[in-house]
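Chemist: If you scroll down you'll find the structure; I have some questions about it.
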Amino acid sequence: MRNGRNLGYMGYKSLSVFFLWLLLLVLPLVLLVGVSLAQNYSNLDWRVIQTPHFNVFYHQGEEEISGLAAAIAEEIYEPITSLYGFRPDGKVHIVLKDCGDYSNGAAYYYENKIEIWITGLDFELRGTHDWLRDVITHEFTHIVSLQLARKGPRWIPGFYIQGFSYQKEEREDILTRFPNVVASYLIPGTVVPMWIAEGAAQYQADGARFDRWDSHRDMILRMATLDGKLLSYEEMGVFAKNGLGNEMVYNQGYSLVRFIADSFGNDKLRAIFRRLSAPLTFDFSSALSQVLGISGPELYRLWKDHLTTKYTVQAEAVMENRIEGEPLEQRGYLNAYPVWSPDGSRIAYLSNRGQDYHIAALYILNLKDKTTLMVTGGVVSSPSWSPDGEKLVYTKKSRPDRYGARFWDIYEYDLKAQKERRLTFGLRAKFPDYSPDGTRIVFVKNSAGTNNLGLIKSDGSFIGYLTDFADRTQIYTPRWSPDGTRIAFSILRGESRDIALIRSDGSGLRYLVSSTGSERDPCWTPDGKEIIFTSDVSGIFNLYSISLVNEQVQQLTNVLGGAFSPSISPSDGRIAFSSYTSEGYQLQLLLPPYGWREVDGELFRQPVDPSGVKGDGNRAPADSHPYRTMFLGFQVMPRVALDANRTKAGFYLTSSDVLNKQSIIGGLLFADNFDLDLFTIIEYKQLIPTLFFEYYKVMRHLKEDVTDPDNLYRIDRTDFDLNEVWLGVRYRLWGTHEFSLSAVYSLYNTDLKGVSLTSRQRFTFSYTYYKGLDLAFIYNYRNIKRMRDGEINPQGREVLFRYDRMFDYLIKGFKPSFIVREVYRRYNYDRFILDWREYIPMPWKRDTLGLRFKVGLIDRRVDDFLDFHLGGKNGMRGYTYWSLEGRKIVMGSITYRFPFFGSLRRKLFHLYVDKVYGAVFAGMGRAWDSDSIDFKTEGFKRDIGAQLRLDLISFYSYPTKVELDVAYGLDEGKGRDPVKLYLTVLFGYN
29 MRNGRNLGYM GYKSLSVFFL WLLLLVLPLV LLVGVSLAQN YSNLDWRVIQ
79 TPHFNVFYHQ GEEEISGLAA AIAEEIYEPI TSLYGFRPDG KVHIVLKDCG
129 DYSNGAAYYY ENKIEIWITG LDFELRGTHD WLRDVITHEF THIVSLQLAR
179 KGPRWIPGFY IQGFSYQKEE REDILTRFPN VVASYLIPGT VVPMWIAEGA
229 AQYQADGARF DRWDSHRDMI LRMATLDGKL LSYEEMGVFA KNGLGNEMVY
279 NQGYSLVRFI ADSFGNDKLR AIFRRLSAPL TFDFSSALSQ VLGISGPELY
329 RLWKDHLTTK YTVQAEAVME NRIEGEPLEQ RGYLNAYPVW SPDGSRIAYL
379 SNRGQDYHIA ALYILNLKDK TTLMVTGGVV SSPSWSPDGE KLVYTKKSRP
429 DRYGARFWDI YEYDLKAQKE RRLTFGLRAK FPDYSPDGTR IVFVKNSAGT
479 NNLGLIKSDG SFIGYLTDFA DRTQIYTPRW SPDGTRIAFS ILRGESRDIA
529 LIRSDGSGLR YLVSSTGSER DPCWTPDGKE IIFTSDVSGI FNLYSISLVN
579 EQVQQLTNVL GGAFSPSISP SDGRIAFSSY TSEGYQLQLL LPPYGWREVD
629 GELFRQPVDP SGVKGDGNRA PADSHPYRTM FLGFQVMPRV ALDANRTKAG
679 FYLTSSDVLN KQSIIGGLLF ADNFDLDLFT IIEYKQLIPT LFFEYYKVMR
729 HLKEDVTDPD NLYRIDRTDF DLNEVWLGVR YRLWGTHEFS LSAVYSLYNT
779 DLKGVSLTSR QRFTFSYTYY KGLDLAFIYN YRNIKRMRDG EINPQGREVL
829 FRYDRMFDYL IKGFKPSFIV REVYRRYNYD RFILDWREYI PMPWKRDTLG
879 LRFKVGLIDR RVDDFLDFHL GGKNGMRGYT YWSLEGRKIV MGSITYRFPF
929 FGSLRRKLFH LYVDKVYGAV FAGMGRAWDS DSIDFKTEGF KRDIGAQLRL
979 DLISFYSYPT KVELDVAYGL DEGKGRDPVK LYLTVLFGYN
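Here the sequence shown is numbered in the numbering used here, starting from 29 and rising by one per residue.
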């Protein structure tokens, strides 16, 4: 500070605001290197297997499967790389994880890294395959094909174009104002539509094809085609849909890639991806035209015509004898696992009604009055009734443990007491089913990619296991026989599921149904003489029954979509089942008498290989060594910014080790006048909490022309050098609570440069005008409902509480001596901030009501340099950031948000316009210094305004969030413009 000038935005509080905007720009980099706010899996002991082309990383419990994974990777390397004519530049790292009951795979193709969760995939919209072989091949195909499509070297994933503009302030003591325009836009180095990226990964290659076009995929595509609900060509290019829509991107992409390979040759896949690597090729259709000679829309039309012809013929055959039952439940796209109550009056089932994604709740449908009751949410497997009809057991994912792992556990709900009880703890148990006498529960145990049958008592105490598979066998939906002596279940030990029986003591395992198709979901008839099941032996999933007396088989349904999860009423023989339509899974009711036709039983008595999962063999354990930190190398993203009419250049830099235990993010922005913005973020996640170190440096150079009153010197330049260092620890609890403790040291320096008017010699006068230590505790709570529009229109709650113990030293003058020394005024004080936001859904459409309350307190008088500021984008938007300041603040606001277009689905050049939402808002707040406050409206500031939000997707896969605010300060001072504008173009909203 000098001559009454406040350093302004570059001062203490304003630097924190600068960090806020900086972190918004850093967010995509945080996501890129996988910096996680969750707990760390610090309990895992990692080892590495090295092969000629791969490094396979695994932890304890994965010793056997890791060697198999390494062998699979080497087996598929040559077929995949040969198809695309491309080999990765170095070894590909495969990280195997079994630290949670979760199935997925991810390819980080700029890092030559694959992550795989080894729990077998069991998903209602997918068929069943050899998960480990499929997922390794799928992700490695991503690595090869997407690297082939790169426009530059692997260490430059893209570059950023950025822009910043600032509010107009009336105060002369403000050097740099608060930003009202912040834009950061990524030009990526790889531009590939989602449908061909995922389609190629599913198509895989000859000699390495472990995914296949199965009856599930055909069912989804058939119903969408026949009902005119295929995704359009533009829609196929992006995700950003509900769960069913996102799966259709995979499904249609796989089908269209097969169509390209069959019609033009699979060598065209290589040519297409290679063409996408051209530096100026950002439109896929033009690349397709150069390779195939037809545009994307033309290819889509040919493929669609082919599907229509094929499925119309198939539908005509089914329609001659269509047997589908009566509808029971059609809300939501997932209605599955219906189970009759013992008295036949109710049906328990899972449904995602009211959800955009695969988030199921347990419901009960009363057949007498057709009412439904939601029992509990977050259920992940079929329910089972207790024999008295008063309780239900089911599986949920329990809260994360201290290391962050989430496992399946069995829960029981007492319908009379309306209470839920957790029966198991970390058992990794799925598909529980009560025994007929209610004393035991059979379940499926998951561990290291293998399933086994187990038993617990009804109180949750463990009994033992019925099987001891160790070869990646998968088991589904075990069901007790009515007499309690046997258990029927679905089993996968090869390429498809079969139905097997086992005695309740673990003896007598035998296959009951095994065809060339897939059999699942066994259900006993009440007399125990037959089992009803689902099979796709005809190419369409239908319900069948098999007699346990003579093994005679009958087909019960003849559906156009698919029939699954049968359950027969113990009172009158009605069969409830889940039926697939173009809208998803719906509940249907099949009335007796049923039995459309008898089927040749030999179709379901195909031989079964007793040796185990196909292709595993007896492999010797692979040689391995302990993991030592292995960094993946640096990635650099150049950036160009227009900052207040000054052009700046710089870069982002990121790196992490293979296991993401250590990561670094850095950024630099430099101007021709030597202005500098620099940051570094380092995280260490070897312990349960995350340790972090952050450094920020901002340099600004100001031209001046100030002469002192005695005409002794003239100042022509002032340089500011602001530094902050953060050191702290962060811990996340249950996925919604985050706690952090940190120490922040701040050092703000100034250089005054000028000329002596007596000697004409230049001089530099340097001093530190602020230094401080902040001991901060921060608590964040965030519980936002997972929805398709969860970012643009959140529902839920966010709470921020922050306490700071401040030790600040602010310059008040200089002490003459041999050298000039600064004299500081010391401020030791406490700061408190509470910021509470509620997002309340309205009963119509997707409208929400947002309520916000914010309060801040500094417990003693301080210099206004250290005050809170309440204006600007993140506060009272109708006022500038610096116009509302004080050591106490209070603010309340209300926002009503509504969709203009909830699903616009329009493509504009390289942009996909997905959603457009509007909002109106009003707020009232006040900042003051006195020890008391008059709560009359005098002194409070009010604002109103409107907001427009656009959800865009750039270059097929990169989120672009545009937000425009227009605010009006109702109590703005005379001579000041009451209208304020704000614009952000970022990866997320404010």
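Each residue gets a CB set at the ideal place from its N, CA and C atoms; glycine is no exception.
Note that the coordinates shown come from a computational prediction; the quantities given were computed from them, not determined experimentally.
1. On a CA-only basis, which of Met727, Val726, Asp744 is nearest Val734? Give me that one, please.
2. Residues in its own chain within less than 6 Å of Gln975 by CB, not counting five upstream and five downstream?
3. Here's a check: name, in chain order, each residue in its chain whose Cβ is nearer than 6 Å to the Cβ of Asn34, leaving out the five neighbours to either side.
4. Helix, strand or coil for Trp145, going by three-state DSSP, please let me know.
5. So who's on the other strand from Ser212, going by DSSP bridges?
6. Cα-Cα, which of Leu297, Tyr377, Pro325, Gly967 is closest to Glu226?
7. Nearest-angstrom Cα distance between Arg933 and Ala97?
8. Kindly identify the DSSP beta-bridge partner or partners of Thr478.
9. What are the partner residues of Arg742, as DSSP defines its beta bridges?
10. Do the CB positions of Leu801 and Arg742 come within less than 8 Å of each other?
11. Does the beta-carbon of Gly39 have 16 or more other beta-carbons within 10 angstroms, so that it is buried, or is it exposed?
12. Considering Trp74, what are the terminal residues of the beta strand (DSSP E) in which it resides?
13. State the start and end residues of the unbroken beta strand (DSSP E) segment that holds Met658.
14. Does the Cβ-Cβ distance between Ile530 and Arg514 come in under 8 Å?
15. Can you tell me whether DSSP reads Ser595 as helix, strand or coil?
16. May I ask you to list the residues that DSSP assigns as paired with Thr218?
17. Rounded to whole angstroms, what's the CA-CA distance from Leu540 to Asn570? Just pull it up for me.
18. Rounded to whole angstroms, what is the Cα-Cα separation between Phe721 and Leu443?
19. Between Leu455, Ala457, Gly454, Asp487, which lies nearest to Thr467 when the distance is taken from Cα to Cα?
20. Is the beta carbon of Ser573 less than 8 Å from the beta carbon of Phe632?
21. Cα-Cα, which of Arg888, Gly89, Pro737 is closest to Lys125?
22. Looking only at its own chain, which residues have a Cβ that is under 6 Å from the Cβ of Thr988, when we skip the five neighbours before and after it?
23. At what residue ranges does the stretch 898 to 958 contain a whole run of the beta strand (DSSP E), taking only runs of 3 or more?
24. Rounded to whole angstroms, what is the Cα-Cα separation between Asp858 and Asp887?
25. In angstroms with no decimal places, state the Cα-to-Cα distance between Tyr1010 and Ser317.
26. Closest to Met952 by CA distance: which of Glu752, Asn902, Val918 is it?
27. Determine the burial state of Met276: buried for a count of at least 16 other Cβ atoms within 10 Å of its Cβ, exposed for fewer.
28. Would you check if the distance between the CB atom of Val587 and the CB atom of Ile568 is smaller than 8 Å?
29. Please list, in chain order, all residues of the same chain as Tyr613 whose beta carbon is under 6 Å from its beta carbon, the five residues on each side excluded.
30. Is it buried or exposed for Phe846, if we count other Cβ within 10 angstroms and need 16 for buried?
31. Report the option in Arg874, Asp651, His157, Val1013 whose CA atom is closest to the CA atom of Gln502.
32. Would you mind giving the Cβ-Cβ distance between Gly235 and Pro355, rounded to the nearest angstrom? I have them listed as a contact below 8 Å.
33. If you follow the beta strand (DSSP E) that Gln582 is part of, which residue opens it and which one closes it?
34. Return the CA-CA distance between Pro594 and Ala289, expressed in angstroms with no decimal places.
35. DSSP on Glu352, reduced to helix/strand/coil?
36. Whose C-beta lies closer than 7 Å to the C-beta of Gly180 among residues of the same chain, with five residues either side of it excluded?
Modeler: Concretely, from the data shown:
1. Within the sequence shown, numbered from 1, the residue matching residue 734 stands at position 706. When only C-alpha atoms are compared, the closest one is Asp744.
2. Taking the sequence shown and counting its residues from 1, the one referred to as residue 975 is at position 947. Counting only Cβ-Cβ distances below 6 Å, and skipping sequence neighbours, we find Ala947, Asp993.
3. Within the sequence shown, the letter at position 6 stands for residue 34. Low per-residue confidence applies at Asn34: pLDDT is 36, beneath 50, and the placement is therefore not dependable enough to give any value.
4. Along the sequence shown, read from residue 1 onward, the residue named residue 145 stands at position 117. Residue state, collapsed to three classes: strand.
5. Position 184 of the sequence shown holds residue 212. Gln190, per the DSSP bridge assignment.
6. To locate residue 226, count along the sequence shown from 1; it is residue 198. When only C-alpha atoms are compared, the closest one is Leu297.
7. By one-based count along the sequence shown, residue 933 stands at place 905. By one-based count along the sequence shown, residue 97 stands at place 69. Between Arg933 and Ala97, the C-alpha separation is close to 40 Å.
8. As a position in the sequence shown, residue 478 is number 450, starting the count at 1. BP columns for Thr478 point to Ser475.
9. Against the sequence shown, residue 742 aligns to sequence position 714. Arg742 pairs with Thr735, Val783.
10. Position 773 of the sequence shown, counted from the first residue, corresponds to residue 801. Position 714 of the sequence shown, counted from the first residue, corresponds to residue 742. For Leu801 and Arg742, no; Cβs fall outside 8 Å.
11. The residue you call residue 39 lines up with position 11 of the sequence shown. Bear in mind that the predicted position of Gly39 carries a pLDDT of just 38, short of 50, making it unreliable; the figure below should be weighed with that in mind. It counts as buried.
12. Here residue 74 is taken as the residue at index 46 of the sequence shown, counted from 1. Here the beta strand (DSSP E) through Trp74 covers 74 to 78.
13. Reading the sequence shown from its first residue, position 630 is the one you call residue 658. First-last for Met658: undefined, no H or E at that position.
14. Stepping through the sequence shown from its first residue, residue 530 is reached at position 502. Stepping through the sequence shown from its first residue, residue 514 is reached at position 486. Contact: yes.
15. On the sequence shown, position 567 is the one that residue 595 refers to. In this structure, Ser595 counts as strand in the three-state DSSP scheme.
16. What you label residue 218 is simply residue 190 of the sequence shown in a count that begins at 1. Answer is none; Thr218 lacks a bridge partner.
17. Taking the sequence shown and counting its residues from 1, one reaches residue 540 at position 512. Taking the sequence shown and counting its residues from 1, one reaches residue 570 at position 542. The C-alpha of Leu540 lies about 17 Å from the C-alpha of Asn570.
18. Position 693 of the sequence shown, counted from the start, is the residue given in the question as residue 721. Position 415 of the sequence shown, counted from the start, is the residue given in the question as residue 443. Straight-line Cα distance between these residues: approximately 51 Å.
19. Within the sequence shown, the letter at position 439 stands for residue 467. Selected option, being the one with the closest Cα: Asp487.
20. Along the sequence shown, one-based indexing puts residue 573 at 545. Along the sequence shown, one-based indexing puts residue 632 at 604. No. Outside cutoff.
21. Taking the first residue of the sequence shown as 1, we reach residue 125 at position 97. The candidate whose alpha carbon is nearest that of Lys125 is Gly89.
22. Locating residue 988 in the sequence shown gives position 960, counting from the first residue. Same-chain partners within the cutoff: Leu980, Ser982.
23. Restricting attention to beta strand (DSSP E) runs no shorter than 3 residues, the stretch 898 to 958 encloses them at 916 to 929, 934 to 936, 939 to 956, ordered along the chain.
24. For the purposes of this step, residue 858 is identified with residue 830 of the sequence shown, where counting begins at 1. For the purposes of this step, residue 887 is identified with residue 859 of the sequence shown, where counting begins at 1. Using only the alpha carbons, I get a separation of about 6 Å.
25. Position 982 of the sequence shown, counted from the start, is the residue given in the question as residue 1010. Position 289 of the sequence shown, counted from the start, is the residue given in the question as residue 317. One C-alpha to the other measures close to 42 Å.
26. Mapped onto the sequence shown, residue 952 falls at position 924. The residue with the shortest Cα to Cα distance from Met952 is Val918.
27. The residue labelled residue 276 in the question sits at position 248 within the sequence shown. When all chains shown are included, Met276 counts as buried.
28. Taking the first residue of the sequence shown as position 1, residue 587 is located at position 559. Taking the first residue of the sequence shown as position 1, residue 568 is located at position 540. In contact: Val587 and Ile568 (Cβ atoms closer than 8 Å).
29. Your numbering for residue 613 matches position 585 in the sequence shown. Correct list, in chain order: Leu362, Asn363, Ala364, Ser606.
30. As a first step, residue 846 is located in the sequence shown; it is residue number 818 there, counting from the start. It counts as exposed.
31. Numbered from 1 along the sequence shown, position 474 holds the residue referred to as residue 502. Taking only the C-alpha atoms, the option nearest Gln502 is His157.
32. The count along the sequence shown starts at 1 and reaches residue 235 at position 207. The count along the sequence shown starts at 1 and reaches residue 355 at position 327. In fact, because the Cβ distance is near 45 Å, the residues do not count as touching under 8 Å.
33. For this step, residue 582 is matched to residue 554 along the sequence shown. Segment 581 to 583, the beta strand (DSSP E) holding Gln582.
34. Translated into positions along the sequence shown, residue 594 becomes position 566. Translated into positions along the sequence shown, residue 289 becomes position 261. If you take the alpha carbons of Pro594 and Ala289, they lie about 38 Å apart.
35. Reading the sequence shown from its first residue, position 324 is the one you call residue 352. Three-state DSSP puts Glu352 in coil, outside helix and strand.
36. Sequence index remark: in the sequence shown, residue 180 carries index 152 (1-based). Only Gly217 meet the Cβ criterion.
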